[in-house]
Each structure stands twice: as C-alpha cells, then as structure tokens.
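Asker: Our numbering numbers the first residue of the sequence shown as 1 and each following residue consecutively.
No residue lacks a Cβ here, since even glycine has one placed at the ideal position from N, Cα and C.
Below: one structure in structure tokens.
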Amino acid sequence: MRQNLVVDATRISADIEALAAITEPDRPYTRRAFTPLFLDGRAYLEARFKSAGLETRIDASGNLIGRRPGKVPGLGVLMLGSHSDTVPEGGRFDGVAGVVAALEVARSLGDRGIALAHDLEIVDFLAEEVSIFGVSCIGSRGMAGLRPPEWLERRAGDLTLEEGLTLVGGEPHTSGARSDIRAFLELHIEQGPVLETARLDIGVVTAIAGITRIEIIVQGRADHAGTTPMTARQDALVAAAKLVLDIQRLGLELAATPGHFAATVGEFEIEPNAANVVPSRVRMLLDIRAEQREDLDHFQRQLNSAVDAVGRETGVMIAAPRVISDNPATPMDRHVIEALETGCQTTGATYRRMASGAGHDAAFMARICPAGMVFIPCAGGRSHTPVEWAETADIALGSAVLLEAVLTLDDQLASPTREIDDGTHTD
Ligand SMILES: [Zn+2]
1 MRQNLVVDAT
11 RISADIEALA
21 AITEPDRPYT
31 RRAFTPLFLD
41 GRAYLEARFK
51 SAGLETRIDA
61 SGNLIGRRPG
71 KVPGLGVLML
81 GSHSDTVPEG
91 GRFDGVAGVV
101 AALEVARSLG
111 DRGIALAHDL
121 EIVDFLAEEV
131 SIFGVSCIGS
141 RGMAGLRPPE
151 WLERRAGDLT
161 LEEGLTLVGG
171 EPHTSGARSD
181 IRAFLELHIE
191 QGPVLETARL
201 DIGVVTAIAG
211 ITRIEIIVQG
221 RADHAGTTPM
231 TARQDALVAA
241 AKLVLDIQRL
251 GLELAATPGH
261 FAATVGEFEI
271 EPNAANVVPS
281 RVRMLLDIRA
291 EQREDLDHFQ
301 RQLNSAVDAV
311 GRETGVMIAA
321 PRVISDNPAT
331 PMDRHVIEAL
341 ETGCQTTGAT
351 YRRMASGAGH
361 DAAFMARICP
371 AGMVFIPCAG
381 GRSHTPVEWA
391 ETADIALGSA
401 VLLEAVLTLD
411 DQLASPTREI
421 DDGTHTD
C-alpha cells in the first residue's frame, strides 16, 4: 500500500508543462543544448530553483546547480539531477522528468523543514544528448574530470565548444572536476517497455550497459546483374544479409540469458547501389549493449565464427570484425541500489532491478562517487519522439522514492561507522 506521497504532483506537472512550452514551435519538443531556447529553459529552471530556496550557480562545466546547505559543514554533497536538453523532435520527459523530480525532492524537504546533514545539490547537466558538437554528456564528463581537452576545438558552424561553454556561463579552461560528492541519484524515464509491460512502478538500475561498436566490411565483386549466372557471383549484399541474420540470432540467444544484451546493425552501406550491378561491397556498423563482459566476449567469438562460415559459404572476402569503440558497462553502487530499494518499500512502489541499455549522465558520475538511478515507466516504451509520455503520478512516486533514498543515504553517510564504497572503483 502506498502512503500519501510527501511530494506534490501538481508542482511536478506544472514544471514539465512549462518546460514543454519552451520549444521550437514547429518542431516540438526541441530544446537543443547551446541554443537560445535552451537558455530560456535554463532561466525557467533557475527561477524555480531560486523560489525553492536553492542557491544557484553555473559550474565551470556549464551545469546549472541549485544548492541547499546541510547542517554539518564538510560532510560533502548529495547530488540529484538529470538534463534539460533534448534531441531534435524529442519528448517532454527524457531528462526533464529527472531534473523536476530532483527539484521536487528539494521542495519537499523545504516544506517539511527537514535539514539534511549533507549539502544537497540539484543539477541540470549540460548537453547529455549528442549535441550540435557531435558529442554527448558534456556537463557530466566535465564534472567527472573526463571531458577530453581537445573537445574545446570541436565546431558547430561558426561556434566552437569553447565558445559554447562560455555562452552557457561555464569556464572552458577551468577544471570542473568534483571530489566532494558523496552520492549521486538520477531519475529517468525507462525509454523502453519493460516496466509498463510488467506493470511495475520503478526500475532500480543495476548497471548502465557498455557500448561496443564493431565494423564489418564485406568485399564481393561487381558484375553485370543481367548476364552473370546466379551460381557465379560474389554478391557482397547476400553475404552481409546472412551475417545480419546471424547477428540477430546471437543477440536473441544472449538476450534470453541473465544480464542485459542487445545487438543491432544500425548502419549499412552498399556499393555501388545500382539496380543492374551485383553488389561489390558492404560496410556495416554494429552497436552492442552488454551489461556483462562475458556476454560481449561470447558474442565476439561467435561473430568471428559466423564471419568465417559465411565467407566460406558465399566465396566473398569478409575482413575480421574491427572494434571501433568499446566503453565498458558501469555498475551502480550497491549501497545506493539498496537505499533506492528501501525507498520503494517505504513508499509502497513495486519495483524490479534492471540494467539500462541507454547511456546516462549517471555513468560519468559513477566514476567519481557512488551513483544510482531509478527508471519510471513511459507509454509504450517510446522515447526520443514527440509522443513520449510519462504519467505525473509515476514521476511523483519516483520522486518520493528518491526523497526516501536521500534520507537513508544522508543518515548512513553521516555516520562514521558505516562503510561505503568510495566510488574510485575502475571499470
Ligand atoms: Zn535522457
């Protein structure tokens, strides 16, 4: 049974609607980082942070932060937040739900006159989505001290990222790396259908899946499509198509075992791409999301065998699959996971543990402090589209879970006897 929530759903929905109205009028819901509309959204949030009694600032990495000082100086910071930027024609809830939920936690603490031992900070990270500069999570990478210095020279038209950071109020040449954060919590819409299908309120995130991109080049031979017998071809597309089906089969097998796994051929180019020519060459790019390294290793071994088998069967040359980028999975902190589960129990929320198949700011925060996430359901699992939808009641319940977790962590981390991961684990 759910208790009466100590958060205010009306305030949550008012903030989400107000931010949704700050969009390119012909392309809802678009509020791209570094644009004037993004700054309008930030101005709205800053005013709301201030009216919640928070001290506001923009940090060196361009993140908007609202601060509520704690009772015990020097204990460090509990941080909550997400991002207010959107993809082009994105949704109203991706990122925004997490910023508003974090703000609601601060407001609820204020309403009830609760003083935490730790300082509380609410954050709107800069440019979580792939930005006009072609890179993502600019703000959280900065806060973790992981933003590559050469990124400052990246350009979007006339604007460099260095200038973009200055534009939003950051300081591009000052390190924004933090060492005073004791825990980070983020609420986000699931962006998938698992919670809705299972009729659960909350997903407690165990890990953010790793992302590995693998390129495969299939080299066949161009020939006349009318005159070359079917039995005498080296058709690169036929070989590539067989491989795509092998990749799907391997993906389905691994998805059926414990731990998140997904494999997608998302880029596919065919040459010469002409109706009367047998295809000579295919380039494909695989996106692999794995929670467990063993699954990725297994997939790569099986993929290599499939490549050999298809090459033998079809007579085309298939180069060994080449790993283009490989970012390992990021586990969430076990104490934070437990605090969030306690929050679910206290509020009466139904929940399950699950991995995130998408990347999030929490993955970078996990590099500098114990971090955790909760997912809330979204309609049909749809996201990065204007039809994206989350119920206010679900966001409110998620906010209440965050609030309970903050109270638990504030107690635990203020007590010197309790041993807590220091977040310096490597991955
Ligand atoms: Zn997001």
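1) Classify residue 387: buried if its beta carbon has 16 or more other beta carbons within 10 angstroms, exposed otherwise.
2) Beta-carbon within less than 7 Å of residue 223's beta-carbon, same chain only, minus the 5 sequence neighbours each way: which residues are those?
3) Run the proximity test for residue 15: is its beta-carbon closer than 7 Å to any non-hydrogen atom belonging to ligand 1?
4) From the DSSP output, read off the bridge partner residues of residue 287.
5) Within the same chain, show all residues whose beta-carbon is closer than 8 Å to that of residue 154, passing over the 5 residues directly before and after it, in chain order.
6) Does DSSP classify residue 425 as helix, strand or coil?
7) In whole angstroms, give me the CA-to-CA distance for residue 241 and residue 301.
8) Below 6 Å CB to CB, which residues in the same chain sit around residue 68 once its five sequence neighbours on both sides are set aside?
9) From 192, 36, 332, pick the residue whose C-alpha is nearest to that of residue 377; which is it?
10) Which of helix, strand or coil does DSSP assign to residue 122?
11) For residue 141 and residue 147, what's the separation of their Cα atoms in angstroms?
12) What does residue 317 pair with, by DSSP beta-bridge criteria?
13) Among residues of its own chain, excluding the 5 on either side of residue 152, which ones have a beta-carbon nearer than 6 Å to its beta-carbon?
14) With a threshold of 8 Å on Cβ separation, who are the neighbours of residue 16 within its own chain once the five nearest residues in sequence on each side are excluded?
15) What whole-angstrom Cβ distance do residue 126 and residue 61 have, given they're in contact under 8 Å?
16) What does DSSP give as the partner residues of residue 26 in its beta bridges?
17) Hey, residue 84 and residue 41 are a contact pair by Cβ (cut 8 Å); roughly how many whole angstroms apart?
18) Would you check if there are 3 or more beta carbon pairs closer than 8 Å linking the region 69-81 to the region 17-31?
Answerer: Here's the rundown:
1) With a 10 Å radius around the Cβ and a threshold of 16 neighbouring Cβ atoms, residue 387 comes out exposed.
2) The residues are 233, 278.
3) No, the beta carbon of residue 15 sits no closer than 7 Å to any heavy atom of ligand 1.
4) Answer is 213, 264.
5) 133, 134, 135, 160, 161, listed in sequence order.
6) Unreliable positioning characterises residue 425 in this predicted model, as indicated by a pLDDT of 46, which lies under 50. The coordinate reading is nonetheless provided below. Residue state for residue 425 is assigned as coil, using DSSP reduced to three classes.
7) Near 19 Å, if we compare the C-alpha coordinates of residue 301 and residue 241.
8) Correct list, in chain order: 54, 106, 120.
9) It is 192 whose Cα lies nearest to the Cα of residue 377.
10) In the three-state reduction of the DSSP assignment, residue 122 falls in the strand class, which pools E and B.
11) Just so you know, the alpha carbons of residue 141 and residue 147 end up roughly 5 Å apart.
12) 219.
13) Closer than 6 Å at Cβ, skipping near neighbours: 161, 162, 172.
14) Excluding positions up to five away in sequence, the list reads 92, 93, 96, 97, 100, 392, 395.
15) Indeed they touch by this definition, with Cβ atoms about 6 Å apart.
16) Paired residue(s): none; residue 26 is not in a bridge.
17) The pair is a contact, with the Cβ atoms about 5 Å apart (cut-off 8 Å).
18) The region 69-81 is not in contact with the region 17-31.
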